[in-house]
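Numbering (UniProt numbering), first residue to last: 1 to 420.
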Amino acid sequence: FAGHTGITVNLDQLCFDPQYSDLDGSELRPEQLGGRFLERMLAVLFNEELGAVIQVAAAQRQEVMQVLTDAGLRDASFVIGQLNRSDEIRLMRNNKAVLAEKRVDVQRAWSETTYQMQKLRDNPVCAQQEFDRILDIADPGLQVALRYDASDDIAAPFIQTGVRPRMAILREQGVNGHVEMAAAFDRAGFAAIDVHMSDIIVGRVSLRDFKGFVACGGFSYGDVLGAGEGWAKSILFNPRARDEFEAFFQRGDTFALGVCNGCQMMSNLHEIIPGAAAWPLFKRNLSEQFEARFVMVEVQPSPSLFFDGMAGSRMPVTVAHGEGRVEFSSAQPEHVAALVTLRFVDNHGQVTERYPFNPNGSLHGMTGLTTPDGRFNVLMPHPERVFRVTQHSWHPDVRSGKAEDGPWMRLFRNARKWVG
């Protein structure tokens with residue numbers, strides 16, 4: 001059977017997958033799969049024949065069945081179940097429940113083996129927190145709650161002038177997020193220019209020719225010297241490169257963004273970035289694992305040019321890192337609170353250090369910072385991977401086609417607005 005999670009051999013696995021987004025209950029009617037199965041419920045549930053399960057809204061059922069009919073699949077297509085609001089898993093036969101269990105109990109049983117392995121392999125505290133997440137039957141799931149209109153193209157007046165400020169899309173050996181980043185800044189009205197560190201080191205390219213740069217995500221030098229540290233050292237210990245970056249940071253008309261590996265790199269440049277002395281370094285995730293997730297964050301009030309007008313907004317974003325936990329040189333990081341731009345929140349909108357809502361264990365959910373003048377910014381999440389609605393694994397408008405730009409497009413347009 002083919003489903004949203006890939007291929008599985010059994011119908012029961014596919015319909016009761018605990019990772020699906022609908023945390024309501026399910027009612028499955030295997031008897032609907034054809035007369036020859038009426039007396040063989042288990043054979044239906046555990047059959048290994050080719051097939052697919054499609055979940056559709058009731059209002060679209062006839063439309064979907066017509067598509068299947070047109071494809072010659074009508075005789076092989078059946079309505080086999082529905083969601084319920086009682087948070088139960090039910091197996092029905094002749095309109096009677098032959099099995100009815102609370103979804104939480106079934107999901108805990110389903111996840112028990114994974115949990116037992118995870119607590120041996122990973123941080124056991126994180127494993128327990130993720131396992132206990134199942135108990136929250138009031139979990140509202142992912143959501144988008146914005147304090148701005150994501151469809152409002154605030155960069156349009158500047159794009160219409162025909163001027164496209166030059167933006168350096170900075171990369172190093174092992175960086176892999178430069179294409180999406182270039183696309184996002186291009187859409188916001190910049191001239192996105194591919195710049196490799198070797199171009200700067202040998203003098204082929206100078207940062208004086210750019211209004212801004214973005215250090216992209218990936219795995220520079222394979223993270224073998226610490227995430228982003230090898231990249232930073234190639235700047236700090238190379239006279240030409242250091243002079244280029246210092247001069248760029250000292251100009252009053254420039255801005256910069258570091259994302260993921262670029263965030264880790266820029267945090268190691270704090271000694272040459274005005275106002276960044278209090279920035280933390282980014283260390284190994286508390287889970288002790290690389291974390292690739294779609295998680296909720298809340299935009300904090302800050303002077304950041306990138307988050308202008310976005311404070312208080314909550315929305316999901318992609319994270320993909322092994323070293324994202326903030327570590328301050330001072331034992332009292334409260335003095336940087338005004339510079340925090342993003343914090344991880346749970347699905348109830350509360351700032352959290354709880355796994356997996358906070359995938360790296362950062363103090364107070366911190367995952368983005370800026371400088372007092374708002375020009376230089378670092379963040380561990382990947383806004384360039386979700387600047388279009390179609391890039392989201394979930395978004396309220398992803399199926400309707402009502403929107404093209406995702407909530408994170410505002411970050412890039414804010415930069416174009418700031419340049420003017």
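Beta carbons: idealized from backbone N, C-alpha and C, even for Gly.
Under three-state DSSP, which class holds Thr371? coil
According to the neighbour-count rule (16 or more other Cβ atoms, all chains shown, within 10 Å of its Cβ), is Val137 buried or exposed? According to the sequence shown, residue 137 is Ile rather than Val. That one is exposed.
So Thr113 is in the alpha helix (DSSP H); what residue range does that whole segment cover? 103 to 121
With a 10 Å radius around its C-beta and 16 neighbouring C-beta atoms as the bar for buried, classify Glu244 as buried or exposed. buried
Secondary structure, alpha helix (DSSP H): runs of 4+ residues fully inside the segment 41 to 87: With a minimum length of 4 residues, the continuous alpha helix (DSSP H) runs that stay inside the segment 41 to 87 are 41 to 45, 61 to 70.
Buried or exposed: where does Met366 fall if 16 or more other Cβ atoms within 10 Å of its Cβ makes it buried? When all chains shown are included, Met366 counts as buried.
Under a three-way DSSP split, which group does Gly312 fall into? coil
Which of helix, strand or coil does DSSP assign to Val398? coil
Segment limits, alpha helix (DSSP H) that includes residue 422: The displayed coordinates of the chain run from 1 to 420. Any statement about residue 422 would go beyond what the structure contains.
Would you check if the distance between the CB atom of Gly312 and the CB atom of Arg147 is smaller than 8 Å? yes
Using a Cβ-Cβ cutoff of less than 6 Å, which residues in the same chain neighbour Leu257 once the five nearest sequence positions on both sides are dropped? Val214, Asn377
For the segment 129 to 174, which segments carrying the alpha helix (DSSP H) assignment without a break, of at least 4 residues, lie completely within its bounds, in sequence order? Here the runs fully enclosed are 156 to 159.
Candidates Ala191, Arg166, Pro280: which alpha carbon is nearest Arg208's? Arg166
Going along the chain, which residues of its own chain have a beta-carbon closer than 7 Å to the beta-carbon of Arg293, five neighbours each way excluded? Val319, Pro356, Pro359
Would you check if the segment 118 to 130 and the segment 290 to 308 touch, i.e. whether three or more CB-CB distances between them fall below 8 Å? no
Suppose the cutoff is 7 Å on Cβ atoms and the five residues either side in sequence are ignored; what does the same chain contact list for Met310 look like? Arg147, Tyr148, Val299, Arg410
Please identify the residue among Ser151, Thr341, Phe328, Ile273 whose C-alpha is closest to the C-alpha of Pro381. Thr341
Could you tell me whether the Cβ atoms of Gly228 and Asn176 are closer together than 8 Å? no
When the Cα atoms are used, what is the spatial distance from Met93 to Gln264? The amino acid at residue 93 is misidentified as Met; the sequence shows Arg. Rounded to the nearest angstrom, the two C-alpha atoms are 57 Å apart.
Residues in the same chain with beta-carbon distance under 8 Å from Arg242, minus the five sequence neighbours each way, listed in chain order, please. Ile235, Leu236, Ile272
From the DSSP output, read off the bridge partner residues of Arg388. Asp405
Please list, in chain order, all residues of the same chain as Gly361 whose beta carbon is under 8 Å from its beta carbon, the five residues on each side excluded. Cys126, Asn285, Leu286, Ser287, Arg325, Glu353, Tyr355
Val389 vs Glu404 beta-carbon contact at 8 Å: yes
Val106 to Ala57 span [Cα, whole Å]: 24 Å
Provide the residue(s) that pair with Lys283 in DSSP beta bridges, ordered along the chain. Arg325
Could you give the distance in angstroms between the alpha-carbon of Phe255 and the alpha-carbon of Gly322? 27 Å
So, helix, strand or coil for His207, using DSSP? Reading the sequence as shown, one finds Leu at residue 207 and not His. Note: Leu207 maps to helix in three-state DSSP.
Hey, could you find the ends of the beta strand (DSSP E) Met296 is sitting in? 291 to 299
Is it right to say Gly81 is buried, meaning 16 or more other beta carbons lie within 10 angstroms of its own, or is it exposed? Buried, because 16 or more other Cβ atoms sit within 10 Å of the Cβ of Gly81.
If you compare alpha carbons, which of Asn47, Leu83, Lys211 is closest to Gln55? Leu83
Give the single residue among Ser206, Asn47, Gly162, Gly203 whose Cα lies nearest to the Cα of Asp186. Gly162
Considering only C-alpha positions, which residue in the set Gln118, Phe219, Arg251 is nearest to Pro274? The shortest CA-to-CA distance from Pro274 to any of Gln118, Phe219, Arg251 is the one to Arg251.
Is residue 421 near Val336, with beta carbons less than 8 Å apart? The requested residue 421 does not occur in the structure, where the chain is confined to residues 1 to 420.
Label Lys402 either buried or exposed according to how many other C-beta atoms from any shown protein chain fall within 10 Å of its C-beta, with 16 as the threshold for buried. exposed
In DSSP terms, what Asn377 is bridged to: Under DSSP, Asn377 takes part in a beta bridge, and its partners are Leu257, Thr370.
So Ile200 is in the alpha helix (DSSP H); what residue range does that whole segment cover? 197 to 201
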